[in-house]
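S.K.: Input: one structure, supplied below.
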Amino acid sequence: MHPAAEHSPLGKSSEYIATYTPSLLFPIPRTAKWAELGLTAETLPYKGVDFWNCFELSWLLPSGKPVVAIGEFSIPADSPNIIESKSFKLYLNSLNQTPFADVATLEATLVKDLSAAAGKPVGVRVRSLKDVEAEGVVALPGVCIDDLDISVSNYEHPRPELLRCDDSRIVEESVHSHLLKSNCPVTSQPDWGSVVVQYRGAALDHASLLAYIVSFRQHSDFHEQCVERIFLDLQRLLKPEKLTVFARYVRRGGLDINPYRSTEDMQLPNHRLVRQ
169 MHPAAEHSPL GKSSEYIATY TPSLLFPIPR TAKWAELGLT AETLPYKGVD FWNCFELSWL
229 LPSGKPVVAI GEFSIPADSP NIIESKSFKL YLNSLNQTPF ADVATLEATL VKDLSAAAGK
289 PVGVRVRSLK DVEAEGVVAL PGVCIDDLDI SVSNYEHPRP ELLRCDDSRI VEESVHSHLL
349 KSNCPVTSQP DWGSVVVQYR GAALDHASLL AYIVSFRQHS DFHEQCVERI FLDLQRLLKP
409 EKLTVFARYV RRGGLDINPY RSTEDMQLPN HRLVRQ
């Protein structure tokens, strides 16, 4: 468990506070998990963002009438802190009985509070249900590897030694799997996700990638660190010209978390999957 997470509200009974309370936000430094991966803030080999989507966003108009919407939050991957997920939910709940003059005022408040907790500017979009409904759901890019016939016996910890590639062939491709599962390091509850690997480099053996993804099944870690671990293991193996790894996780408590890590500067999408 991350030592800071022991002091967070995650896994503990919490009072429901329905009026604006930014002090509910609980930042957790990324440095300890970066250190586990041999990284520091100065040596991150990727760029990226963590997209958080809130499906339980509500506040009051000045008239007292409630509003519901969907919140999109983009936290830089190199921000000093992640925001512990239950504290994020409790903070958003504290808006429920709080009046805001307009959406712009609400967004400005969210940007201020979340940026202070993350330690870097956080992007915020408050979106109407109609707008999100119009976008619908999308399919992941590239080839799905989930139907490959593999034998599996490793579930406890990520096993990068399972990965194989053919370094005599250089390919550019996108592959994905819906079989990513890990466990919350605090509550041990399952975190279900779909993961995408896009790269140009030595040809990755798809069956070995699937076995590697399944090896996360009983692993305990936060969403962000799982994606960073996958990125680093593939980077070491493939020595790619470019590499992007992202995961779309199923929501818990009205929030889904979607980390993107890439060697490239790119406009990252935040499209919802059917599981989300």
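Each residue of the sequence shown is one higher than the last, beginning at 169 in the numbering used here.
For every residue, glycine included, the Cβ atom is placed at its ideal position computed from N, Cα and C.
Who are the Cβ neighbours of Gly239 in its own chain at under 6 Å, not counting the five residues just before and after it?
M.R.: The residue labelled residue 239 in the question sits at position 71 within the sequence shown. Excluding sequence neighbours, Gly239 sits near Cys222, Leu225 and Val294.
S.K.: Check the DSSP bridge columns for Ala379 and list the partner residues they point to.
M.R.: Position 211 of the sequence shown holds residue 379. Paired residues: none, contrary to the question.
S.K.: Are the stretch 406–418 and the stretch 272–290 in contact at 8 Å, needing three or more beta carbon pairs?
M.R.: At 8 Å Cβ cutoff, the stretches do not touch.
S.K.: Assuming Pro408 and Tyr367 make a contact with CB atoms under 8 Å, what is their CB distance in whole Å?
M.R.: Locating residue 408 in the sequence shown gives position 240, where the first residue counts as 1. Locating residue 367 in the sequence shown gives position 199, where the first residue counts as 1. So it is a contact: roughly 5 Å between Cβ atoms.
S.K.: Relative to the C-alpha of Ile251, which candidate in Leu441, Phe390 and Leu406 has its C-alpha closest?
M.R.: In the sequence shown, counting from the first residue as 1, residue 251 sits at position 83. Taking only the C-alpha atoms, the option nearest Ile251 is Phe390.
S.K.: Beta carbon of Leu207, beta carbon of Glu396: below 9 Å?
M.R.: Numbered from its first residue, the sequence shown carries residue 207 at position 39. Numbered from its first residue, the sequence shown carries residue 396 at position 228. Yes, the pair counts as a contact, with Cβ atoms nearer than the cut-off.
S.K.: For Gln403, report the span of its alpha helix (DSSP H) as first-last.
M.R.: Start at 1 with the first residue of the sequence shown, and residue 403 comes out as number 235. His391 to Leu406 is the span of the alpha helix (DSSP H), which, as asked, contains Gln403.
S.K.: For Arg443, which residues of its own chain have a beta-carbon under 6 Å away from its beta-carbon, when the five flanking residues on both sides are left out?
M.R.: Taking the sequence shown and counting its residues from 1, the one referred to as residue 443 is at position 275. Hits under 6 Å: Val418.
S.K.: Does the structure place the stretch 428–438 close enough to the stretch 339–355 that three or more beta carbon pairs sit under 8 Å?
M.R.: At 8 Å Cβ cutoff, the stretches do not touch.
S.K.: Considering only residues of the same chain and omitting the five flanking positions on each side of Asn322, which have a CB-CB separation below 6 Å?
M.R.: Along the sequence shown, one-based indexing puts residue 322 at 154. Contacts found: Ser383.
S.K.: Can you have a look at Pro427 and say buried or exposed, based on whether 16 or more other CB atoms are within 10 angstroms of its CB?
M.R.: Position 259 of the sequence shown, counted from the start, is the residue given in the question as residue 427. It counts as buried.
S.K.: Can you grab the Cα-Cα spacing for the pair Pro248 / Thr187, in whole Å?
M.R.: Locating residue 248 in the sequence shown gives position 80, where the first residue counts as 1. Locating residue 187 in the sequence shown gives position 19, where the first residue counts as 1. Distance between the alpha carbons of Pro248 and Thr187: 28 Å.
S.K.: Which stretch, first to last residue, makes up the alpha helix (DSSP H) that contains Asn261?
M.R.: Position 93 of the sequence shown holds residue 261. Counting along the chain, the alpha helix (DSSP H) containing Asn261 begins and ends at Ser253 to Asn261.
S.K.: Under a Cβ-count criterion, where at least 16 other Cβ atoms within 10 Å of its own Cβ denotes burial, should Gly369 be classed as buried or exposed?
M.R.: Taking the sequence shown and counting its residues from 1, the one referred to as residue 369 is at position 201. The residue is buried, with at least 16 neighbouring Cβ atoms inside 10 Å.
S.K.: According to DSSP, simplified to helix, strand and coil, what is Ser299?
M.R.: Mapped onto the sequence shown, residue 299 falls at position 131. Correcting the residue identity first, residue 299 is Asp in this sequence and not Ser. Helix.
S.K.: Does Lys201 pass the burial test, meaning 16 or more other C-beta atoms within 10 Å, or should it be called exposed?
M.R.: Sequence index remark: in the sequence shown, residue 201 carries index 33 (1-based). That one is buried.
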